[in-house]
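Q: After the structure tokens below, expect a handful of questions from me.
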Amino acid sequence: MGQAYLGPNRRQVLGGLAAVSFARPSFAAVPELVAAQTAVQLAPEGYAPTPVWAFGGQVPGPVLRAGQGTRMQQRVVNKLDTPTSVHWHGIRLENAMDGVAGLTQQAIAPGESFDYDFRLPDAGTYWYHSHNRSFEQVARGLLGPLIVDEADPPEVDFDEVLMLDDWRFAQDATLMEGFGALMDASHAGRIGNWVTVNGRGAWDKPMPRGARVRLRLINGANARVFQLRLAGMRAAVVALDGMPVDTPQETDTVALAPAQRVDLIVDIVADEGEEALILSQERDGDYAVASFPVEAGQEPRSTEFPTLPPNPVFLPDMPSILGATMHEMRLEGGAMRGIASAMHQGEELDGRSLAERGMVWALSGVAGMPEAPYLEVARGETVRIGLTNDTAWPHGMHLHGHHFLEFAGAPAADAPFRLRDTTLLGPGERREIAFVADNPGDWLIHCHMLEHAASGMMTWIRVT
Ligand code: C2O
Ligand code: CU
Ligand code: CU
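Residues in the sequence shown are numbered from 1 upward in steps of one, following my numbering.
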């Protein structure tokens, strides 16, 4: 019954009875993350709750949070009637814990569970999501935030996780079927018609004027690139995809590809009675996806934005990047361009035969997961990849198990420092990435527009 003493007045007990030992009970169970069907209120009042698939009965799933350098243990219990798995996006973990059904583990069958247990080497903003038929399972709600705290976090008044998503609703706010439809796959992907932040259509939270807030933005949508604008706040980017930037960059716009994260530190500068806003810039205008009604407070700070401590990523130096073999990866296909021909499961096929097999994209002439890795490298090698988007659509390319340096053009010592796990390429854009392959195992590289990944834009590398 030890637990009961620790209830409402734990503080008092701790203060008053210093001699009592609070050793962790030996029966402590592994925390469970249950995947199951449920219904949640995503649409405005007046609509019925939307049937979804969810972790922990909520959408997004519960915020999982732990300190840098600690281990995270989660027993994922599958109460769905279909197999699933969980990927811990952006965490540089052991390959066996990466959660990729069909590559690093078997999918978790209905009624079964899988124990994930991994170390959290880096502080920052991450997320978790299904990695089995993710184009369907993520769209149905199987995603949530994963936050790793610095030992010595920057001084802020509030720390808010904002998980952005979109949903394709029918008239009655049920989710439209047609997951992975080729019509979506060959275009932008499954773009929804209802945007939510933390599962709400109009998320808001009152803030005192002058408050300094850390905002952790996560794009959990299947395919939507958010182009955000900030109003009523002075903001600086302090981390990208979990990784601190070297100097905070002041900005009032943020582009967020699917799976990308941006940590901002903002000062609320709007006056009492006004609102500070995060707006999504859409074709028909800007609309607020999150608002902070401003209450009485103080003058905003005049101090500079803090810099986050760097994470222990082993960075390649410039000579090793420039000396590394350049691996070209061409992004091909999709509506308006098409593919003349590509390899698929060991066969050279023309565009029409590929489409019949659900393939409408290719990476350097290969559509879909190849038998052999795109690249096999020895542990510790510096890898340099040139990504060229030869398509008419944007793509957010994601590498598992590593973060990479991102260069707008060719790598250069004076290029801005950007360490990411997902890079957004607009139509016609070219970008180079470089990283030290220091994490052994089989790791996916794929487009995080999930319909694109399912229809050809997926390959893998092996680090031995
Ligand atoms: Cu967040 Cu392979 O994905
Ligand atoms: Cu990932
Ligand atoms: Cu894509």
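The C-beta atom is built at its ideal place from N, Cα and C for all residues, glycine as well.
DSSP state of L146, grouped into three classes?
A: Here residue 146 refers to the residue found at position 146 when the sequence shown is read from its first residue. It is a strand residue.
Q: Should the stretch 49-64 be regarded as contacting the stretch 102-113, the criterion being three or more beta carbon pairs within less than 8 Å?
A: no
Q: Does any heavy atom of ligand 3 sit closer than 7 Å to the C-beta of H398?
A: Here residue 398 refers to the residue found at position 398 of the sequence shown. Not so, every heavy atom of ligand 3 lies at least 7 Å from the Cβ.
Q: Name the one or two DSSP bridge partners that R214 has.
A: Locating residue 214 in the sequence shown gives position 214, where the first residue counts as 1. R214 is bridged to D159, I265.
Q: With DSSP run on the structure shown, which of helix, strand or coil describes Q260?
A: Translated into the one-based positions of the sequence shown, residue 260 becomes position 260. It is coil, neither helix nor strand.
Q: Got a sec, what are the start and stop residues for the beta strand (DSSP E) H344 sits in?
A: Residue mapping note: residue 344 aligns to position 344 of the sequence shown, counting from 1. First-last of the beta strand (DSSP E) with H344: 341-344.
Q: Taking DSSP's pairing of strands, which residues face L279 in a bridge?
A: Taking the sequence shown and counting its residues from 1, one reaches residue 279 at position 279. For L279, which the question treats as bridged, DSSP gives the partners R229, A288.
Q: If we require 3 or more residues per run, which beta strand (DSSP E) segments fall completely within the stretch 373-451?
A: 375-377, 382-389, 395-399, 404-407, 422-425, 430-436, 441-447
Q: What would DSSP say about G456, mapped onto helix, strand or coil?
A: Position 456 of the sequence shown, counted from the first residue, corresponds to residue 456. Coil at G456, not helix or strand.
Q: Is the CB-CB distance between A123 and N389 below 8 Å?
A: As a first step, residue 123 is located in the sequence shown; it is residue number 123 there, counting from the start. As a first step, residue 389 is located in the sequence shown; it is residue number 389 there, counting from the start. For A123 and N389, no; Cβs fall outside 8 Å.
Q: Tell me the DSSP secondary structure of D122 in three-state form.
A: Taking the first residue of the sequence shown as 1, we reach residue 122 at position 122. In the three-state DSSP reduction, D122 falls in the coil class, being neither helix nor strand.
Q: Please report the residue range of the alpha helix (DSSP H) in which R330 lies.
A: The residue labelled residue 330 in the question sits at position 330 within the sequence shown. R330 -> not in any alpha helix (DSSP H); beta strand (DSSP E) instead, spanning 326-333.
Q: Span of the alpha helix (DSSP H) holding R352?
A: Sequence index remark: in the sequence shown, residue 352 carries index 352 (1-based). Run containing R352: 351-356, per the alpha helix (DSSP H) assignment.
Q: Just to confirm, does H402 get its C-beta within under 7 Å of one of the non-hydrogen atoms of ligand 3?
A: Stepping through the sequence shown from its first residue, residue 402 is reached at position 402. Flag unset: Cβ of H402 not near ligand 3.
Q: Write down the C-beta distance between A185 and H395 rounded to the nearest angstrom, noting that I regard them as a contact closer than 8 Å.
A: Within the sequence shown, the letter at position 185 stands for residue 185. Within the sequence shown, the letter at position 395 stands for residue 395. In fact, because the Cβ distance is near 12 Å, the residues do not count as touching under 8 Å.
Q: Give the DSSP-derived three-state secondary structure of Q74 in the structure shown.
A: Position 74 of the sequence shown, counted from the start, is the residue given in the question as residue 74. Residue state, collapsed to three classes: strand.
Q: Please determine whether the Cβ atom of G90 lies at a distance below 7 Å from any heavy atom of ligand 2.
A: On the sequence shown, position 90 is the one that residue 90 refers to. Flag set: Cβ of G90 near ligand 2.
Q: Report the partner residues of D165 according to the DSSP bridge assignment.
A: Position 165 of the sequence shown, counted from the start, is the residue given in the question as residue 165. Answer by DSSP bridge pairing, in chain order: T196.
Q: For G69, tell me which candidate among A367, E150, V34, I108 has the shortest Cα-Cα distance.
A: For the purposes of this step, residue 69 is identified with residue 69 of the sequence shown, where counting begins at 1. Out of A367, E150, V34, I108, E150 has the C-alpha closest to the C-alpha of G69.
Q: In angstroms with no decimal places, state the Cα-to-Cα distance between F417 and S113.
A: Along the sequence shown, read from residue 1 onward, the residue named residue 417 stands at position 417. Along the sequence shown, read from residue 1 onward, the residue named residue 113 stands at position 113. Distance between the alpha carbons of F417 and S113 is about 40 Å.
Q: What would DSSP say about N219, mapped onto helix, strand or coil?
A: The count along the sequence shown starts at 1 and reaches residue 219 at position 219. For N219, the secondary structure class from DSSP, reduced to helix, strand or coil, is strand.
Q: Measure the Cβ-Cβ separation of R119 and E160 and say whether it is below 8 Å.
A: Residue 119 sits at position 119 when you count from the first residue of the sequence shown. Residue 160 sits at position 160 when you count from the first residue of the sequence shown. No; because the gap between Cβ atoms is not below 8 Å, this pair is not in contact.
Q: Looking at the strands, I want to know which residues DSSP matches up with A66.
A: Position 66 of the sequence shown holds residue 66. Paired residues: V148.
Q: Taking 7 Å as the cut-off, is the C-beta of H452 nearer than that to any heavy atom in ligand 3?
A: Along the sequence shown, one-based indexing puts residue 452 at 452. For ligand 3, at least one heavy atom lies less than 7 Å from the Cβ of H452.
Q: Would you mind stating whether M176 and A170 have Cβ atoms separated by less than 8 Å?
A: Along the sequence shown, read from residue 1 onward, the residue named residue 176 stands at position 176. Along the sequence shown, read from residue 1 onward, the residue named residue 170 stands at position 170. Closer than 8 Å, so yes.
Q: Anyone know if the C-beta pair for T382 and A434 falls short of 8 Å?
A: Residue numbering aside, residue 382 sits at position 382 when the sequence shown is read from its first letter. Residue numbering aside, residue 434 sits at position 434 when the sequence shown is read from its first letter. Yes.
Q: Quick check on the DSSP output: the beta strand (DSSP E) that includes L80 runs from which residue to which?
A: Within the sequence shown, the letter at position 80 stands for residue 80. DSSP places L80 outside any beta strand (DSSP E), giving it a letter other than H or E.
Q: When burial is assigned at 16 or more other CB atoms within 10 Å of the CB, is V436 buried or exposed?
A: Residue 436 sits at position 436 when you count from the first residue of the sequence shown. It is buried - the Cβ of V436 has at least 16 other Cβ atoms within 10 Å.
Q: Sort out for me which residues DSSP pairs P306 with in a bridge.
A: On the sequence shown, position 306 is the one that residue 306 refers to. In DSSP, P306 forms no bridge with anything.
Q: State whether the stretch 217-233 contacts the stretch 265-272, with contact taken as three or more CB pairs (one from each stretch) at a distance under 8 Å.
A: yes
Q: Considering Cα atoms alone, identify which of M458, A39, P293, F55 is closest to G210.
A: Mapped onto the sequence shown, residue 210 falls at position 210. When each option's Cα is compared against that of G210, the closest is P293.
Q: What span of residues does the alpha helix (DSSP H) with E136 cover, start to end?
A: The sequence position of residue 136 within the sequence shown is 136, counting from 1. 134-137 is the span of the alpha helix (DSSP H), which, as asked, contains E136.
Q: How many Å lie between S455 and Q298 at the Cα?
A: Along the sequence shown, one-based indexing puts residue 455 at 455. Along the sequence shown, one-based indexing puts residue 298 at 298. Going from the Cα of S455 to the Cα of Q298 covers about 53 Å.
Q: Among A43, H403, R75, which has the Cα closest to the Cα of E32?
A: For the purposes of this step, residue 32 is taken as the residue at position 32 of the sequence shown. For the residues A43, H403, R75, the minimum Cα distance to E32 belongs to R75.
Q: Any contact between the stretch 341-359 and the stretch 314-323? By contact I mean 3 or more CB pairs, one from each, below 8 Å.
A: no
Q: For the alpha helix (DSSP H) holding A185, just list the boundary residues, first then last.
A: Position 185 of the sequence shown, counting from 1, holds the residue named residue 185. Segment 182-185, the alpha helix (DSSP H) holding A185.
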